[in-house]
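**Q**
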Amino acid sequence: MLTLCAGPALASRSSSGQKRDAARLKTLPSAAPQAAYALPLTVRQQALAAEKALSPWQVRFRPDSAVPRTLKGGQNMFYVGDPVAAAKRFLEENKGYLQLDPAQLQLENSKKALGITHLLFRQYYNGLPVDNASVKVHIDEQGRVIYYSSTHAESLASATSAPAMSKASAISRTRADGASVTADNGKLVYFRSPVDNKTYLAWKIESGEETGAEPWRYYINASNGEVLFRESLRRYAVSGTIQGHVYADYPRNADFSDCSTVTIRNQYVWIQGYSTRTVTGSAGTFSFSQDGKIFASLKGPYIAVSNNMGRSAHYDTGSGTWSSCLLNPANPSVLNYTPGTSTEPLLYVTTVTFPYATAYFSKAEIRMAANFQLGTVAEYDSLLFLNPASGERMAAYFGNRVNAFTGPQIENPNFVLQLESHGGEGNPGFTVAGANCLTLSNPTVSAAADGSFTWNYSRITPWATTKGTFRNMAEVNIFYHLNELHDYINNGVNSSGLINLNTTVPILAEANPEQDNMAEGYDNGFYSVPNKMLVLGNGYYDYSLSNYRSMGLDSPTLRHEYVHFMQDRVFTAPYFAEAGAIQEALSDYFALSSMQKTAPNPNKDPLGSLIGAFAFPYAIRNLESDCGAASPSNCAIYSTSTWVSEVHDDSPPLSQSFWELRNSSYTATWLGLRAEGPRADTFIFQSLFFFPETFLEFRDIMEMVCDKLEGTASCSANYLPKIALAFSGHNITSPLSGTDSYEPNNGITLAANISTSPFSATINPQYDLDYYSVSAPTGTITVSINYPSSEQHPNTYHAYMVTIKDPYDHLLSENIPMLDPDSRSSGGNCPASGECFTRMSSMTVTQALPYSGRYVIMVCAAPVDLGGNSPDISTSPYTLSLSYNKGGSLDASIIGATYDNDLFSFSVPYNTYDYAGTLSWVSTMTARVENYEKAALLDINGTALAEADTETGGLLETVSVSTTEVSGRITGSIRLKTGFAQRYPSVGTVMLEVFGRTRQDQIVSLGVSAPLNITANTSSVMLWNNIFTPDASGRCSQFGSDCLTIAYSIVSGGTVTAKIYSRDGTLINTLSSSAASAGKGNFYWNGTNSTGNTVASGLYIVKISGPGLSATKKVVVVK
């Protein structure tokens, strides 16, 4: 707001600070110089005539001249070449009309977004910048100039070329005006005065802040010392700095008194009411251009903290009072709800308003009624409080509460209650009892120009248990550290925006799922994947401290949980076995790395032992290994003998390897620094986008990332040896070799594609996981497993579990055989060592599939008490059989019907992960899990036609493939090559199967079409296998001896009938009597009659009729 140069059209209210400064400068805002000139009519007419010549461009002129201010909407200006060269040609060709000299422009900035290149040129004259003079050109990918804007100075010839006044004299002139200016301030510029629209050579000088005054910018005429213009640099009426009391890592004094005062970044501050808010900067500062009372919560664009134990933190300068206020509906509730599932969650949504809210509504506290019952597992059910306009998650709650309690603070006159159910058994639900609204006294009048304050104990509401009354700085500590971590990641390894962290994550501080019976505390913290929230327990009660070890006070641990959110924005990995241990290692690593952001030498403050040191002192994970010592005491080794099948305890071999690459005290392995921060940070972060699920896979990917980012020569010479040394020190050197042909398939991204069943494989070595990929339509799939016999316990079998998931790791079912009583641990699971066995020889699972697409089936030894798979092992194979409808998981049709040259179109869904897209150094890498690889044809029974694929030499060819990011589908067209009809004369009905390649180079099926009839050139009937022996199962297989194949072709569509008769004319079976499209088709007869019984041996008659078709054939059944 430039009060000193405001004309009537820009009138605005002066702030109190500006009024004080106006008095000091002996001028009034309303008395400032004003522009008073008009555009001559003849010049405007000339400009309009020129505008018509550029039709259909829309031209907007400057108010003071005939110079175009903007051009947009034109379709007639295309330029080839790179965008910068194209922009320069555009400016050169149109310099007369635009009234500019391209030689005076220098490119300052170039950005590309949404396919548009945005170029910013600055104007220079005689080697000096022209202040606030720029030209902006925006060019699309076709080389079309789609928008132009300019503030350049069009006439500079009259401006003085050399100053008559020195910089020192100009500074003296500003000091004479009452400003405080240092001796090194000031630079020469060309300045166009808004008073007379003339350009002057001027000294640009900025004054420093004085107590009670504002900083100012001066333009001093370099010819005579006249003050050409001055403007305030503080354009606000209320400002301040927010600080908070936090812990550098965790409380080290028994009374928790050793906190430090820090500035709080990324926090919302509101003024007057809910509709006007700002956010604090990196230095904790904020400002408003209007007067008024301010209020605040521990919420911001990235983190929103609510206190589960009582009232959440609050601050205001308006002598705020809280009083009951009405809601509409008065008491919203969801009671006795039906639970959802991980793949089909149920949402119960209620919009709530404050019907009597005024323009100065600020915030409200929600009062929850007694018997809040959402279950004790936040992975299943939670209650979200959403901003209805933005969808921002303002708060999230879960758990079971007997008594009424205070819920979150809502800074909006309406909100959305969203109960999300992702599993569980259903619960009674919740009821909102009402709300208390905050009223600010005189909200439009500032309490003080300086709105600074500190989040300290006085701003935190105490909460009580049977152990007493407690108050700590957990809410502030959480908000500070998570925003520090967010900025560390976003300004460092994620500075290019590969993943979107700019979304609000609700944090439930001092959490306890059984809040009314929690005297001993809740010793847990986690990130809920389905609900995208962080839960940080109030900790266990420590009798020696007479206090709770709140997880919100343990900075490394709470940062650890936020890194899980960061990983989830890349992809949702299985939280199981090595994939789960990788997540824990990454969270430990980045939590500690972010706490050492300013020190390339982490050993100066040994952080490796901090994870869990306060919240979990009995279970610390130390990242600082001593593998190089003669007698190492903290060197985690990756092997089956040290694996305990618990993701936290199994993570140190990897996390210690990471830390040796990050920590400069490990001189043999430290990778050093890059521009964005520690090189190890970058290598590890970039490796996430390959979705690693095993330790060795992570090492392989890091080596590839190194090669791509550093170049082969530099990587090989400087970094690969260090990576190898760090990983080999923890025995991450080679895979634990599997014993079947499907290995390695120990992760979702490594899942082996299954085309036929039954098949056999082994669980070997210990902790082996076997993942299989199958593409299926909506419907059901039946999975049967036959177990290998126990080698040690007669009449028993190895107990393997079967898990079915979608590609996003959503669990559809987890199926565990009943364990033999002699094989159960105290927890009812497999023992931690030795065999795990069952008396069941087999298990069959029928699973509903909610949508068409790719699914994953996992087989592994049944779990132990810690949650992971048991070490049970066998060299004897298990056998897996699948039964499902293969066709229909892909959309396909024939769009070009030509005999022996049909053109098929297809559309198939692919899976994506949640990040922004392409990495800078891998042009083909996107968020897609699968990219198109090939296509193939199957016969009507789902058997692959060996030569009918798009591989080299096959009878199919890929014509086109494209990916639609919005719909999440791969589309394309496939053509039959000439010769297919001769190679497969009996094939008339086919199914198209499309395959994709994953990041780990696994070839997987993306989908199989419904049957398609290929094109015919004549009407005919042929029999194949007309002498056959029926299979007892009644199945038909292509080219087998167990079935009759009837291949027909028709040149026009209509009803086709196929019937089987005995020699005496008795109807035995009607194979088909239905409409068929023009082309080829197949019928099969398995030697049964209409009741399904196998017929006797002998001669039978086949009659087929259809459009232009009537044939009688003979067939012999031999038994």
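Using our numbering, read the sequence shown as starting at 9 and increasing by one per residue.
All C-beta atoms, glycine included, are put in the ideal place defined by N, C-alpha and C.
1. Contact defined as beta carbons within less than 8 Å: I believe K942 pairs with E959. What is the distance between those atoms, to the nearest angstrom?
2. Could you say if the region 507–516 and the region 698–706 meet the contact criterion of at least three C-beta pairs nearer than 8 Å?
3. My understanding is that I515 touches I311, with C-beta atoms under 8 Å, so please give their C-beta distance in whole angstroms.
4. Thinking C-alpha only, which one of N420, S850, V1103 is nearest E400?
5. Could you check how far apart the C-beta atoms of F914 and T966 are, in whole angstroms? I think they sit under 8 Å.
6. Taking only the alpha-carbon atoms, compute the straight-line gap between M999 and G875 and give it to the nearest angstrom.
7. Compare the C-alpha of F735 against each of Y496, H801, P661 and name the closest.
8. CA-CA distance, W651 and G842?
9. Below 7 Å between beta carbons: does that hold for L106 and P76?
10. Under the rule that 16 or more other beta-carbon atoms within 10 Å means buried, what is S20, buried or exposed?
11. What does the Cβ neighbour count give for F86, buried or exposed, with the cut at 16 atoms within 10 Å?
12. Within 7 Å of any Cβ in chain C, is that where the Cβ of F413 sits?
13. With DSSP run on the structure shown, which of helix, strand or coil describes L463?
14. If you draw a straight line from the C-alpha of S833 to the C-alpha of P839, how long is it?
15. Out of T741, A688, T452, L382, state which residue places its alpha-carbon closest to the alpha-carbon of Y282.
16. For Y4, which residues in the same chain have their Cβ closer than 7 Å to its Cβ, ignoring the five residues on either side in sequence?
17. With distance defined between alpha-carbon atoms, name the residue in F478, T168, V92, M173 nearest to G151.
18. To the nearest angstrom, how far is the alpha carbon of I1035 from that of A1024?
19. Taking buried to mean at least 16 other C-beta atoms within 10 Å of its own C-beta, is S247 buried or exposed?
20. From D708, N1094, S641, P729, pick the residue whose C-alpha is nearest to that of A676; which is it?
21. Expressed to the nearest angstrom, what Euclidean distance is found between the alpha-carbon atoms of H818 and P538?
22. Quick test of the definition: if touching needs 3 or more C-beta pairs under 8 Å, does the region 708–721 touch the region 683–692?
23. Kindly indicate which residue of D192, T168, L355, S268 has the alpha-carbon position closest to the one of L561.
24. Taking the alpha-carbon positions, what's the S659 to N316 distance?
25. Rounded to a whole number of angstroms, what is the C-alpha to C-alpha distance between T35 and V197?
26. Beta-carbon within less than 6 Å of Q855's beta-carbon, same chain only, minus the 5 sequence neighbours each way: which residues are those?
27. For H146, does the three-state DSSP call read helix, strand or coil?
28. Please report how far the alpha carbon of A170 lies from the alpha carbon of S672, in whole angstroms.
29. My output table needs one value for E822: the three-state DSSP class, helix, strand or coil.
30. So G434 and T349 are supposed to be a Cβ contact under 8 Å. How far apart are they, rounded?
31. Can H738 and S665 be called in contact, C-beta distance under 7 Å?
32. For the putative contact between S1057 and T1026, defined by C-beta atoms under 8 Å, what is the C-beta separation to the nearest angstrom?
33. If you reduce the DSSP assignment to three classes, tell me which class S332 lands in.
34. Buried or exposed: where does I628 fall if 16 or more other Cβ atoms within 10 Å of its Cβ makes it buried?
35. On a CA-only basis, which of S897, A989, L1031, I497 is nearest R977? Give me that one, please.
36. Looking at C-alpha atoms only, which residue of G194, T249, H253, F423 is the closest neighbour of Y226?
**A** In short:
1. Along the sequence shown, one-based indexing puts residue 942 at 934. Along the sequence shown, one-based indexing puts residue 959 at 951. Contact holds; Cβ gap of about 6 Å.
2. By the Cβ test, the region 507–516 is not in contact with the region 698–706, since fewer than three Cβ pairs between them sit closer than 8 Å.
3. Position 507 of the sequence shown, counted from the first residue, corresponds to residue 515. Position 303 of the sequence shown, counted from the first residue, corresponds to residue 311. I515 to I311, Cβ: 6 Å. Contact.
4. For this step, residue 400 is matched to residue 392 along the sequence shown. Per the Cα distances, N420.
5. Locating residue 914 in the sequence shown gives position 906, counting from the first residue. Locating residue 966 in the sequence shown gives position 958, counting from the first residue. Under the criterion of beta carbons closer than 8 Å, F914 and T966 do not qualify as touching, at roughly 10 Å.
6. Position 991 of the sequence shown, counted from the start, is the residue given in the question as residue 999. Position 867 of the sequence shown, counted from the start, is the residue given in the question as residue 875. Going by the C-alpha atoms only, they are around 42 Å apart.
7. By 1-based counting over the sequence shown, the position of residue 735 is 727. Among Y496, H801, P661, the Cα nearest to that of F735 is on P661.
8. Taking the first residue of the sequence shown as position 1, residue 651 is located at position 643. Taking the first residue of the sequence shown as position 1, residue 842 is located at position 834. Cα to Cα, the separation comes out at about 14 Å.
9. Position 98 of the sequence shown holds residue 106. Position 68 of the sequence shown holds residue 76. Against a cut-off of 7 Å, the Cβ pair of P76 and L106 comes out as a contact.
10. The residue you call residue 20 lines up with position 12 of the sequence shown. Because the pLDDT at S20 is just 26, under 50, the model does not fix this residue reliably, and the point stays unresolved.
11. In the sequence shown, counting from the first residue as 1, residue 86 sits at position 78. An exposed status is given to F86, since fewer than 16 other beta-carbon atoms sit within 10 Å of its beta-carbon.
12. Among the chains of the structure shown, chain C does not appear; only one protein chain is present.
13. As a first step, residue 463 is located in the sequence shown; it is residue number 455 there, counting from the start. One point to set straight first is that residue 463 is Trp, not Leu, in the sequence displayed. W463: strand per DSSP, three-state reduction.
14. Counting from 1 along the sequence shown, the entry for residue 833 is found at position 825. Counting from 1 along the sequence shown, the entry for residue 839 is found at position 831. If you take the alpha carbons of S833 and P839, they lie about 5 Å apart.
15. If you number the sequence shown from 1, residue 282 lands on position 274. The shortest Cα separation from Y282 among T741, A688, T452, L382 belongs to T452.
16. Residue 4 lies beyond the stretch modelled for the chain, which goes from 9 to 1127, so this question has no answer here.
17. If you number the sequence shown from 1, residue 151 lands on position 143. Per the Cα distances, V92.
18. As a working mapping, residue 1035 is identified with position 1027 in the sequence shown. As a working mapping, residue 1024 is identified with position 1016 in the sequence shown. So the two alpha carbons sit approximately 26 Å from each other.
19. Here residue 247 refers to the residue found at position 239 of the sequence shown. Buried: at least 16 other Cβ atoms inside 10 Å.
20. On the sequence shown, residue 676 is found 668 positions in, with the first residue counted as 1. The shortest C-alpha separation from A676 is found at P729.
21. Sequence index remark: in the sequence shown, residue 818 carries index 810 (1-based). Sequence index remark: in the sequence shown, residue 538 carries index 530 (1-based). Near 9 Å, if we compare the C-alpha coordinates of P538 and H818.
22. yes
23. Here residue 561 is taken as the residue at index 553 of the sequence shown, counted from 1. It is S268.
24. Position 651 of the sequence shown, counting from 1, holds the residue named residue 659. Position 308 of the sequence shown, counting from 1, holds the residue named residue 316. Computed Cα separation, rounded: 31 Å.
25. Stepping through the sequence shown from its first residue, residue 35 is reached at position 27. Stepping through the sequence shown from its first residue, residue 197 is reached at position 189. Low confidence applies to T35: its pLDDT is 30, below 50, so where it sits in the model is not reliable, and the reading given next is rough at best. When rounded, the distance between both Cα atoms is 26 Å.
26. For the purposes of this step, residue 855 is taken as the residue at position 847 of the sequence shown. Cβ neighbours of Q855 beyond the five flanking positions: I789, I812, L820, S821.
27. For the purposes of this step, residue 146 is identified with residue 138 of the sequence shown, where counting begins at 1. It is a strand residue.
28. Looking up residue 170 in the sequence shown gives position 162. Looking up residue 672 in the sequence shown gives position 664. Between A170 and S672, the C-alpha separation is close to 54 Å.
29. Mapped onto the sequence shown, residue 822 falls at position 814. Correct three-state label for E822: strand.
30. For the purposes of this step, residue 434 is identified with residue 426 of the sequence shown, where counting begins at 1. For the purposes of this step, residue 349 is identified with residue 341 of the sequence shown, where counting begins at 1. Actually they are not in contact, since the Cβ atoms of G434 and T349 sit about 12 Å apart, beyond 8 Å.
31. Indexing the sequence shown from 1 puts residue 738 at position 730. Indexing the sequence shown from 1 puts residue 665 at position 657. Yes, Cβ-Cβ distance for H738 and S665 is below 7 Å.
32. Here residue 1057 refers to the residue found at position 1049 when the sequence shown is read from its first residue. Here residue 1026 refers to the residue found at position 1018 when the sequence shown is read from its first residue. The pair is a contact, with the Cβ atoms about 6 Å apart (cut-off 8 Å).
33. The residue labelled residue 332 in the question sits at position 324 within the sequence shown. S332: strand per DSSP, three-state reduction.
34. As a first step, residue 628 must be located in the sequence shown, where it is residue number 620. So I628 ends up on the exposed side.
35. Your numbering for residue 977 matches position 969 in the sequence shown. Relative to the Cα of R977, the nearest Cα in the group S897, A989, L1031, I497 belongs to S897.
36. Mapped onto the sequence shown, residue 226 falls at position 218. Among G194, T249, H253, F423, the Cα nearest to that of Y226 is on G194.
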